[in-house]
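K.L.:
Chains as they are written, first to last, in this note's numbering: chain A, 208 to 600; chain B, 1030 to 1536.
Take this structure, written in structure tokens, and hold onto it; I'll ask about it next.
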Amino acid sequence: MFFNNIAKQLKQNIRDYGMYIVLFVIMAIFTITTNGTFISSRNISNLMDQVGYIAVLAVGMTLVIVIRHIDLSVGFLSGFIGAIAAIAMKYWGFPIYAVIPLALGLGVLAGGIVGFLVAEVQIPAFVATLAGWLIYRGAILLVLMSTGTVITSDSAFNAIGNGFIPDIPDFGFLPGVHKITLVLGVIAIIWFIFSELGSRKNKQEYGFEVLPMDMFVLKLVFISIVVGLITYELSGYNGMSWTLAIVLVVVLIYDFVTNRTVLGRHIYAVGGNPEAAALSGIDVKKVTYFVFCSMGALCGLSGILFTSRLRSATPTAGTLFELDAIAAAYVGGVSAAGGVGKVTGSLIGALVMISLTSGMNLMGIDISYQYIARGTILAAAVIFDVVTRTRAK
Amino acid sequence: MSTPILEMKNIVKEFPGVKALNNVSFQVAEGEIHCLVGENGAGKSTLMKVLSGVYPHGSYTGDIVFGGNVQKFRNISDSEKAGIAIIYQELALIPEMTVYENIFLGHELKKGYLVDWDETIKRAGEMLKKVRLNINPAEKVKDLGVGKQQLVEIAKALSKEVKLLILDEPTSALNEGDSENLLNLLRSLRENGVTCVLISHKLKEVIEIADTVTVLRDGQTIVTLDAHKGEVTENILIKHMVGREINNIYPPREHKISDEIVLEVKNWSAYDPSIGRQILKDVNFNVKKGEIVGFAGLMGSGRTELALSMFGNHDNYRIQGEMFVKGKKQHFNLPENAIHAGVAYVTEDRKGDGLILIQDVKQNVTLANLMEIASNVGVVDDNAEVKVANEYKSSLNIKTPSVEQKVSNLSGGNQQKVSLAKWLFVKPDILILDEPTRGIDVGAKYEIYTIMSRLVQQGMSIIMISSELPEVLGMSDRIYIVSSGKIAGEMPIAEATQEKIMKLATD
């Protein structure tokens, strides 16, 4: 009965749970094939840092794809902004608190240009951002022409991509464990359980269908264990990294905006049916501007994360980021037909893609097979999306 | 009467919930021009789709005998091979291709495995001569006017050695000169032995050209008339077209109309740059508080364009004229402005541009007025949303298991109610309903009518655009008739009859 229930829930909500299952399976396989190296604290910590600059791009890309557009320029735009940030610090003497707003501002400006071309001039986003791809690629080479790779020496800046959040001093209790990370993890689990209980109660009051009690408990236990395990792993190493903290904050903000605000509703409405949205009094142009400007700002953030992680700006920074971000969004359940997709899904999608890379690297698999494997996963994700959608009809 | 080239016998075609064709018989004699007339929804287009194989053999019952043989067309290319060609209202040419490429598209002239372009151009020239079109075959189709494009379509049909040419409303997009030209061409084709079926709303042109006329109504053949025996006159045609009974399916009229004019439109003209045509010419009308004003007219007469041009001009028409909403001169650049001024527009095509099918009932209901249930900084109150959606679910009797059901899972009638709920939630003073009961069953229709009655009693004003004359007569207090982008007439309900309206609408 219990297992029948599980099977039934999985079948009904396969679209929602699919990517979590995929991530779980991939992690389990790599844990076995690498004799546990994959799941080691050190590797998980690294994984979270590697996923950072792709995850923030994937979050922005989610909204772009939801409103039925695409942005190919994000990779080299990140690289370009990262280069400007490095140059600003090293040669112009900008302090870190000026560099970050500069990077985000440049991103918003770049996004505004794409927004203008797409919303006002009505150029297909594919073409407008392909032009951006070329232009930013050239721009990176141009600004780094005289200096070559620019090393960033600001320790605070470099900590963004490599450092960890501070901990309370060791007072003999739980030595070697990152206590703040542990506390944050516990708070997250408690907050999650309470908000789930609250929303379940709310739904029941309105007479909506809710998960059967055993399934509900199973879901709570499962997610608590996953969060608990990650917390345990991280606190046993160096604790939560700044990158992970930033990614979590970005995802939380975007999740809130997309699910709870009028703006978020308007974005999904424009994606679901642009004509109906326009005739319902939604300013489709404004929404388009917002989505591309947010994408630009996240490119700025991604550029900072990547430059900081490498402690330098290089002429090849940003190569293929756009494809990783697009792939992460699709793997995460964004629909190619528009109007459907969650930013949390795209975060999971990014984790899937990075786990694949990391796991195959640990196994020493040749890069040629890695590309083929990633391509196969991407195709499978989109096939899954199309098949489950047509079946639902 | 000579031998029939085409005989359709006892054709029955059903769609879920609707019998579109109910035992239709249709006979066309060789070498004649046969006109097919009837109101919107009478079944003309469905009949032609059955004939051309769009609805393949087996999806309908009855027999098609063409050229002496029983035909079982599985698709359009089957019927084309047999010698039947249809030219639709929306032209099926490829604008970026040249005239000669278009004429032989799909049946290219070949030399071995390659296209023989020299022969194609030569033959295209001959075809153009047949349709008396004096242009260079190498011109691109997009550079031609609509009238000439139509002739290219006919040339394309002739190049396939067509025996039966079917034209669906060919003159609806043409000016008078082009229309006359086209009718002359049909006459000369008749002399060359091409049989022609013409579907048309313009009764004058039907009377001018037809040898025989068949009238359809509600999916049935009503009568076939012989023009050479003087059986075809405008009055006879209209009588057969509208003979539908007005059943007592309308709520009692208890409207309290005040003298206050809430909407007045003066000298309103609109030009659509995307198709390069004047779509509205000097439209004048007004709507009083608590009144239902019917806008009757045929499809394509400009009623929807009128509504869209007033409601924020989403399609970027070039507009001249003045509009007064509640006494204040207004010009809406965006639907948003119109909504704020108290105007709501329930679109004709609820699936295409009315609802967001992949979202649930509550999200659709609140979409046009989200700020009402959101905090000042724009955070939506989910509980308030559910409450609002549930209120409309019960007051409009929307049949859905819950307001979290996706709209795509609802029936047409319930989708229409969701669409209506969305616009009632913006609390408008003037509600424009575009074909409010299209494609929904009788029970749901009555419910929509009852809701409309209730709303005007509460002081709302309603503009109802409808192609269904019984509905216009049953619900309106006053009627405007729209034809070719102009107001062809206005009449209070007491003076209105189906015949009078049809006469003005088909002028």
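Glycine included, every Cβ here is placed at the ideal spot set by N, Cα and C.
Just so you know, these numbers come straight off a predicted model, no measurement behind them.
(1) With DSSP run on the structure shown, which of helix, strand or coil describes Lys600/A?
(2) Using a Cβ-Cβ distance cut-off of 7 Å, determine whether Val469/A contacts chain B.
(3) Nearest to Ala1370/B by alpha carbon, out of Lys1357/B, Pro1430/B, Asn1098/B?
(4) Name the chain A residues whose beta carbon is nearer than 8 Å to that of Asn1426/B?
(5) With 7 Å set as the bound, which would you pick, yes or no: does the beta-carbon of Gly1383/B sit closer than that to a beta-carbon of chain A?
(6) Over what stretch of residues does the alpha helix (DSSP H) that includes Thr269/A continue unbroken?
(7) Is the separation between the beta-carbon of Gly478/A and that of Arg249/A shorter than 7 Å?
(8) Please identify the residue among Met1270/B, Gly1091/B, Asp1092/B, Gly1441/B whose C-alpha is closest to the C-alpha of Leu1327/B.
(9) For Ala1058/B, which beta-bridge partners are listed by DSSP?
(10) With 7 Å set as the bound, which would you pick, yes or no: does the beta-carbon of Asn220/A sit closer than that to a beta-carbon of chain B?
(11) For Trp1297/B, report the span of its beta strand (DSSP E) as first-last.
(12) Taking C-beta to C-beta, are Asn1039/B and Gly1082/B nearer than 7 Å?
(13) Got a sec? Which residues, its chain only, sit under 7 Å from Glu1205/B by beta carbon, not counting five neighbours each side?
(14) Could you name the residues of the stretch 514–548 of chain A whose beta carbon sits closer than 7 Å to any beta carbon of chain B, in the order they occur along the chain?
(15) Just to confirm, are Asp1382/B and Glu412/A a CB contact at a threshold of 7 Å?
(16) Tell me, please, whether the CB atom of Pro1364/B is closer than 7 Å to any CB atom in chain A?
(17) The stretch 1415–1443 of chain B: which residues have C-beta closer than 7 Å to a C-beta of chain A, in chain order?
(18) Under 7 Å between the Cβ atoms of Phe1340/B and Tyr1374/B?
(19) Given a limit of 7 Å on CB to CB distance, which residues of the stretch 1329–1345 of chain B reach chain A?
(20) Once you ignore the five residues that flank Asp603/A on each side, which residues in its own chain have a CB closer than 6 Å to its CB?
(21) In the DSSP output, what is Pro1521/B paired with across the bridge?
(22) Which chain B residues sit within Cβ distance under 7 Å of Tyr413/A?
(23) Starting from the Cα of Thr597/A, find the closest Cα among Ser515/A, Phe371/A, Gly289/A, Ala543/A and give me that residue.
(24) Helix, strand or coil for Gln1541/B per DSSP?
(25) Is there at least one Cβ from chain A nearer than 7 Å to Val1409/B's Cβ?
(26) Use the C-beta contact count for Tyr576/A: other C-beta atoms within 10 angstroms, 16 or more gives buried, fewer gives exposed.
(27) In chain A, what lies closer than 9 Å to Ile1494/B by C-beta?
(28) Is Leu486/A close to chain B, meaning its C-beta is less than 7 Å from at least one C-beta of that chain?
(29) What is the DSSP secondary structure of Ile358/A, counted as helix, strand or coil?
(30) Considering just the uninterrupted stretch of the alpha helix (DSSP H) at Glu1414/B, what are its terminal residues?
(31) Quick one: what's Lys1428/B bridged to in DSSP?
(32) Return the CA-CA distance between Ile1062/B and Leu1502/B, expressed in angstroms with no decimal places.
(33) Looking at Thr388/A and Leu441/A, is the spacing between their C-beta atoms short of 7 Å?
(34) List the residues of chain B that Arg275/A touches, going by C-beta distances under 8 Å, in chain order.
(35) Taking the CB atoms as reference points, tell me whether Val559/A and Gly259/A lie closer together than 7 Å.
(36) Consider the Cβ of Ala1058/B: report whether some Cβ of chain A lies at a distance smaller than 7 Å.
P.N.:
Well, looking at it:
(1) As a position in the first sequence, residue 600/A is number 393, starting the count at 1. Reliability fails at Lys600/A, whose pLDDT of 45 lies under 50, so the model's placement of it is uncertain and the value that follows must be treated cautiously. When secondary structure is reduced to three states using DSSP, Lys600/A falls in the coil class, being assigned neither helix nor strand.
(2) Walking along the first sequence from the start, residue 469/A turns up at place 262. So, interface residue.
(3) Within the second sequence, residue 1370/B is the residue found at index 341, counting from 1. Nearest C-alpha to Ala1370/B: Lys1357/B.
(4) For the purposes of this step, residue 1426/B is taken as residue 397 along the second sequence, with counting starting at 1. Under a criterion of Cβ atoms nearer than 8 Å, no residue of chain A is adjacent to Asn1426/B; the nearest Cβ is some 18 Å distant.
(5) On the second sequence, position 354 is the one that residue 1383/B refers to. So, interface residue.
(6) For the purposes of this step, residue 269/A is taken as the residue at position 62 of the first sequence. Unbroken alpha helix (DSSP H) run through Thr269/A: 248–273.
(7) The sequence position of residue 478/A within the first sequence is 271, counting from 1. The sequence position of residue 249/A within the first sequence is 42, counting from 1. In this structure, Gly478/A sits away from Arg249/A, with a CB-CB distance that is not shorter than 7 Å.
(8) Your numbering for residue 1327/B matches position 298 in the second sequence. For the residues Met1270/B, Gly1091/B, Asp1092/B, Gly1441/B, the minimum Cα distance to Leu1327/B belongs to Met1270/B.
(9) Counting from one through the second sequence, the residue named residue 1058/B turns up at place 29. Residue pairing for Ala1058/B: DSSP places it in a beta bridge opposite Pro1033/B.
(10) What you label residue 220/A is simply residue 13 of the first sequence in a count that begins at 1. So no, Asn220/A is outside the interface.
(11) For the purposes of this step, residue 1297/B is taken as residue 268 along the second sequence, with counting starting at 1. According to the DSSP assignment, Trp1297/B belongs to the beta strand (DSSP E) that extends over 1290–1301.
(12) By 1-based counting over the second sequence, the position of residue 1039/B is 10. By 1-based counting over the second sequence, the position of residue 1082/B is 53. The Cβ atoms of Asn1039/B and Gly1082/B lie no closer than 7 Å to each other.
(13) Reading the second sequence from its first residue, position 176 is the one you call residue 1205/B. Hits under 7 Å: none found.
(14) Of all residues in the stretch 514–548 of chain A, Gly546, Val547 have a Cβ within less than 7 Å of some Cβ in chain B.
(15) Position 353 of the second sequence holds residue 1382/B. Position 205 of the first sequence holds residue 412/A. Not in contact: Asp1382/B and Glu412/A (Cβ atoms no closer than 7 Å).
(16) Indexing the second sequence from 1 puts residue 1364/B at position 335. Among the CB atoms of chain A, one or more fall inside 7 Å of the CB of Pro1364/B.
(17) Near chain A, meaning a CB-to-CB distance below 7 Å, the residues of the stretch 1415–1443 of chain B are Val1415, Ser1431, Glu1433.
(18) Within the second sequence, the letter at position 311 stands for residue 1340/B. Within the second sequence, the letter at position 345 stands for residue 1374/B. Judged by their CB atoms, Phe1340/B and Tyr1374/B are nearer to each other than the 7 Å cut-off.
(19) Listed in chain order, the positions of the stretch 1329–1345 of chain B with a beta carbon within less than 7 Å of a beta carbon of chain A are His1343.
(20) Summary: the structure shown does not reach residue 603/A, with chain A confined to residues 208 through 600, and so no result is reported for it.
(21) On the second sequence, position 492 is the one that residue 1521/B refers to. Within the DSSP secondary-structure output, Pro1521/B pairs in a beta bridge with Arg1507/B.
(22) Here residue 413/A is taken as the residue at index 206 of the first sequence, counted from 1. For a Cβ distance threshold of 7 Å, residue set Val1415 of chain B lies close to Tyr413/A, ordered along the chain.
(23) Numbered from its first residue, the first sequence carries residue 597/A at position 390. Closest by C-alpha distance to Thr597/A, out of Ser515/A, Phe371/A, Gly289/A, Ala543/A, is Ala543/A.
(24) Shown here, chain B extends from 1030 to 1536; a query on residue 1541/B therefore has no answer.
(25) Indexing the second sequence from 1 puts residue 1409/B at position 380. Closer than 7 Å to some Cβ of chain A, the Cβ of Val1409/B qualifies, so yes.
(26) Locating residue 576/A in the first sequence gives position 369, counting from the first residue. Counting other Cβ atoms within 10 Å of its Cβ, Tyr576/A stays below 16 and is therefore classed as exposed.
(27) The count along the second sequence starts at 1 and reaches residue 1494/B at position 465. Chain-ordered listing is empty here: chain A has no CB closer than 9 Å to the CB of Ile1494/B, the nearest sitting near 15 Å.
(28) Here residue 486/A corresponds to residue number 279 of the first sequence, with the count starting at 1. By this cut-off, Leu486/A is an interface position.
(29) Against the first sequence, residue 358/A aligns to sequence position 151. Ile358/A falls in the strand class under three-state DSSP.
(30) Start at 1 with the first residue of the second sequence, and residue 1414/B comes out as number 385. Per DSSP, Glu1414/B belongs to the alpha helix (DSSP H) from 1411–1424.
(31) Numbered from its first residue, the second sequence carries residue 1428/B at position 399. DSSP lists no partner for Lys1428/B.
(32) Counting from one through the second sequence, the residue named residue 1062/B turns up at place 33. Counting from one through the second sequence, the residue named residue 1502/B turns up at place 473. Going from the Cα of Ile1062/B to the Cα of Leu1502/B covers about 34 Å.
(33) Residue numbering aside, residue 441/A sits at position 234 when the first sequence is read from its first letter. Residue numbering aside, residue 388/A sits at position 181 when the first sequence is read from its first letter. Contact flag set, yes.
(34) For the purposes of this step, residue 275/A is taken as residue 68 along the first sequence, with counting starting at 1. The premise fails here: Arg275/A is roughly 13 Å from chain B at the closest Cβ pair, so nothing lies under 8 Å.
(35) By one-based count along the first sequence, residue 559/A stands at place 352. By one-based count along the first sequence, residue 259/A stands at place 52. By the CB criterion at 7 Å, Val559/A and Gly259/A fall outside the cutoff.
(36) Stepping through the second sequence from its first residue, residue 1058/B is reached at position 29. At least 7 Å separates the CB of Ala1058/B from every CB of chain A.
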